[in-house]
Amino acid sequence: MSNNLNHDLETKIIHWGHKPDPATGSLASPIYQTATFAANSVEHFEELCRTWGYVYTRECNPTLTELESKLAMLENAESAIVSTSGMGAITSAILALVKSGDHIVSSDGIFSHSKLFMSELLTKFNVEVTFVDAMDPQNIKNALKSNTKIVYIESPLNPSLDLVDIKTISDIAHENKSIVMVDSTFATPIIQQPIDLGADLVVHSLTKFINGHGDTLGGAVVGSKELIDLVRWPSLCCFTGASLPPMSAWMILRGMKTLDMRMKKHCENGLAVAEFLSEEDCVELVKYPGIKSHPQYDLCQTQMNGLGGGIVSFKLKDGINGLTRDQASRKLVNSLELATIATSLGEEHTLVQMNGENLIRIATGLESSKDIINDFKQAMDKITKKSIHI
Numbered sequence: 597m598s599n600n601l602n603h604d605l606e607t608k609i610i611h612w613g614h615k616p617d618p619a620t621g622s623l624a625s626p627i628y629q630t631a632t633f634a635a636n637s638v639e640h641f642e643e644l645c646r647t648w649g650y651v652y653t654r655e656c657n658p659t660l661t662e663l664e665s666k667l668a669m670l671e672n673a674e675s676a677i678v679s680t681s682g683m684g685a686i687t688s689a690i691l692a693l694v695k696s697g698d699h700i701v702s703s704d705g706i707f708s709h710s711k712l713f714m715s716e717l718l719t720k721f722n723v724e725v726t727f728v729d730a731m732d733p734q735n736i737k738n739a740l741k742s743n744t745k746i747v748y749i750e751s752p753l754n755p756s757l758d759l760v761d762i763k764t765i766s767d768i769a770h771e772n773k774s775i776v777m778v779d780s781t782f783a784t785p786i787i788q789q790p791i792d793l794g795a796d797l798v799v800h801s802l803t804k805f806i807n808g809h810g811d812t813l814g815g816a817v818v819g820s821k822e823l824i825d826l827v828r829w830p831s832l833c834c835f836t837g838a839s840l841p842p843m844s845a846w847m848i849l850r851g852m853k854t855l856d857m858r859m860k861k862h863c864e865n866g867l868a869v870a871e872f873l874s875e876e877d878c879v880e881l882v883k884y885p886g887i888k889s890h891p892q893y894d895l896c897q898t899q900m901n902g903l904g905g906g907i908v909s910f911k912l913k914d915g916i917n918g919l920t921r922d923q924a925s926r927k928l929v930n931s932l933e934l935a936t937i938a939t940s941l942g943e944e945h946t947l948v949q950m951n952g953e954n955l956i957r958i959a960t961g962l963e964s965s966k967d968i969i970n971d972f973k974q975a976m977d978k979i980t981k982k983s984i985h986i
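Spelled out as structure tokens, the structure:
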């Protein structure tokens with residue numbers, strides 16, 4: 597096992613927490629596809645239970661341990677715990693930390709399922725949630741109360757791609773002794789590291805960029821050992837039961853080995869597509885943190901190391917060739933030949949979807965940026981060129 601802090605990130609992603617299988621010498625990490633682990637004696641079993649040894653996979657498993665070690669390293673954190681999905685991570689973390697009578701301040705515009713969990717389930721348990729426009733940190737400050745346990749933010753926001761100032765909000769929240777939780781799925785640790793900016797917990801949907809193959813679900817919570825231990829027991833094991841299967845953990849470990857190079861390609865494609873869209877007459881709005889027209893471009897340079905990510909959102913003009921914006925948007929998306937109409941993001945295929953406000957979100961894949969752009973060009977031709985009747 598090489599846990600050398602002096603190694604470059606590309607090296608640590610591959611080697612951190614990993615060692616050849618001691619029994620066989622297998623260089624690839626084994627998949628410990630088991631629900632239960634054997635103890636040598638009653639006393640040994642009792643010791644395993646006391647020390648969080650391997651007893652039952654819902655609580656811990658060697659394949660999951662390696663994944664958790666790598667995730668903590670990537671975020672410069674003490675500890676991490678993985679779950680069945682991003683939502684499993686979010687719900688397990690929040691349920692571990694709040695009680696009846698507590699208050700949460702959340703950025704508005706977050707992932708719809710996260711908002712539903714807070715607004716529908718938590719309120720049933722007398723946990724108050726206030727949603728604010730967190731692009732202005734003053735709104736967070738104004739919403740804080742003496743019983744605000746968590747400040748929950750997402751950056752970049754999904755699907756608007758607006759940014760939230762993690763450092764400033766962390767400073768504000770900590771003055772109120774509130775815990776800061778950041779959903780950093782769109783950025784990944786390659787682009788931004790919220791712990792270094794002052795956040796207490798980071799959550800990821802491992803399904804997306806970190807796995808990178810679109811073939812398994814997964815989630816993670818990363819932070820201090822003290823907070824992660826609260827999520828590990830009893831929340832994830834007992835409150836949600838959202839344990840990650842060993843096979844999924846192994847698949848995510850496999851995907852992580854190329855995370856650094858994949859993210860650079862996603863960012864390269866995202867920037868190219870955003871610049872192309874910015875020059876199109878039929879496009880009214882382009883949202884991509886890495887282009888200068890983005891209102892928080894400067895924050896992207898500092899918080900996201902100048903990398904805009906792999907997601908681009910845009911909106912067509914209304915009235916193109918007599919079409920409403922909704923009609924034109926649907927026709928454009930339905931005319932794409934390379935990009936696939938699908939939810940999710942962070943995999944090798946370029947995916948596109950449209951929300952109720954006719955905002956089109958492109959999750960750029962790993963194809964040639966020229967080919968992605970040409971696909972959108974031919975689709976735009978279908979809505980911008982008037983039919984010629986002979």
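FYI, in my numbering the residues of the sequence shown are 597 to 986. Just so you know, even glycine gets a beta-carbon here, dropped at the ideal spot from N, CA and C. In this text, all values refer to a predicted model and were calculated from it rather than measured experimentally.
Nearest-angstrom beta carbon gap, residue j and residue i [assumed within contact, 8 Å]
{"i": "Ser965", "j": "Glu864", "result": "7 Å"}
{"i": "Ser679", "j": "Leu903", "result": "The pair is not a contact, with the Cβ atoms about 27 Å apart (cut-off 8 Å)."}
{"i": "Ser780", "j": "Gln788", "result": "6 Å"}
{"i": "Glu662", "j": "Gly621", "result": "That pair is no contact at about 17 Å."}
{"i": "Val818", "j": "Ala668", "result": "6 Å"}
{"i": "Ile907", "j": "Phe713", "result": "That pair is no contact at about 22 Å."}
{"i": "Asn743", "j": "His699", "result": "5 Å"}
{"i": "Ala631", "j": "Thr653", "result": "5 Å"}
{"i": "Glu674", "j": "Ser820", "result": "5 Å"}
{"i": "Ile765", "j": "Lys745", "result": "Not quite, the Cβ-Cβ distance comes to about 15 Å (not below 8 Å), so this is no contact."}
{"i": "Gly837", "j": "Ser681", "result": "That belief does not hold up - the Cβ atoms of Gly837 and Ser681 are roughly 12 Å apart, past 8 Å."}
Exposure label - residue i; buried when at least 16 CB within 10 Å
{"i": "Arg646", "result": "exposed"}
{"i": "Trp648", "result": "exposed"}
{"i": "Ile937", "result": "exposed"}
{"i": "Asn1000", "result": "Since the first and last residues shown for the chain are 597 and 986, residue 1000 lies out of range."}
{"i": "Met976", "result": "buried"}
{"i": "Pro790", "result": "buried"}
{"i": "Cys834", "result": "exposed"}
{"i": "Thr960", "result": "buried"}
{"i": "Asp761", "result": "buried"}
{"i": "Trp846", "result": "buried"}
{"i": "Lys888", "result": "exposed"}
{"i": "Ala624", "result": "exposed"}
{"i": "Met857", "result": "exposed"}
{"i": "Val754", "result": "In the sequence as presented, Val is not what sits at residue 754; that position holds Asn. Buried, by the Cβ-count rule."}
{"i": "Ser688", "result": "buried"}
{"i": "Leu717", "result": "exposed"}
{"i": "Gln899", "result": "buried"}
{"i": "Gly952", "result": "exposed"}
{"i": "Pro830", "result": "exposed"}
{"i": "Thr939", "result": "exposed"}
{"i": "Ser710", "result": "buried"}
{"i": "Ser839", "result": "buried"}
{"i": "His862", "result": "buried"}
Beta-ladder partner(s) of residue i, from DSSP
{"i": "Ala676", "result": "Val818"}
{"i": "Val725", "result": "Ile700"}
{"i": "His800", "result": "Ala816"}
{"i": "Thr744", "result": "His699"}
{"i": "Val778", "result": "Ile749, Val798"}
C-alpha gap between residue i and residue j, whole angstroms
{"i": "Lys615", "j": "Ser637", "result": "28 Å"}
{"i": "Ser751", "j": "Leu955", "result": "18 Å"}
{"i": "Tyr628", "j": "Pro842", "result": "6 Å"}
{"i": "Pro885", "j": "Pro785", "result": "16 Å"}
{"i": "Asp792", "j": "Met777", "result": "13 Å"}
{"i": "Met731", "j": "Asp796", "result": "19 Å"}
{"i": "His890", "j": "Val882", "result": "8 Å"}
{"i": "Cys656", "j": "Tyr650", "result": "6 Å"}
{"i": "Lys720", "j": "Gly915", "result": "44 Å"}
{"i": "Lys737", "j": "Asn722", "result": "22 Å"}
{"i": "Val929", "j": "Asp617", "result": "48 Å"}
{"i": "Met950", "j": "Lys666", "result": "34 Å"}
{"i": "Thr607", "j": "Ser702", "result": "36 Å"}
{"i": "Ile609", "j": "Gly810", "result": "19 Å"}
{"i": "Lys763", "j": "Leu895", "result": "11 Å"}
{"i": "Leu932", "j": "Asp971", "result": "6 Å"}
{"i": "Glu876", "j": "Arg921", "result": "15 Å"}
{"i": "Val869", "j": "His945", "result": "14 Å"}
{"i": "Ser715", "j": "Val725", "result": "7 Å"}
{"i": "Gln974", "j": "Ile958", "result": "16 Å"}
{"i": "Leu934", "j": "Phe633", "result": "47 Å"}
{"i": "Ile690", "j": "Leu601", "result": "31 Å"}
{"i": "Ile969", "j": "Phe872", "result": "7 Å"}
{"i": "Leu823", "j": "Leu693", "result": "8 Å"}
{"i": "Lys853", "j": "Ser756", "result": "29 Å"}
{"i": "Ser844", "j": "Leu813", "result": "7 Å"}
{"i": "Ile686", "j": "Val799", "result": "7 Å"}
Cβ-heavy atom distance, residue i to the ligand FAD, below 6 Å
{"i": "Thr803", "result": "With respect to small molecules bound, the structure shown includes none, and the ligand FAD cannot be examined in it."}
> Which ranges would you report for the beta strand (DSSP E) in the region 886-973 if only whole runs of at least 3 residues count?
Replying inline: 907-912, 947-950, 956-959
> Which runs of the alpha helix (DSSP H) spanning at least 4 residues fall entirely within the region 612-663, listed in chain order?
Replying inline: 638-646
>> Restricting to runs no shorter than 4 residues, where is the alpha helix (DSSP H) found entirely within the region 832-885?
In response: 842-852, 855-874
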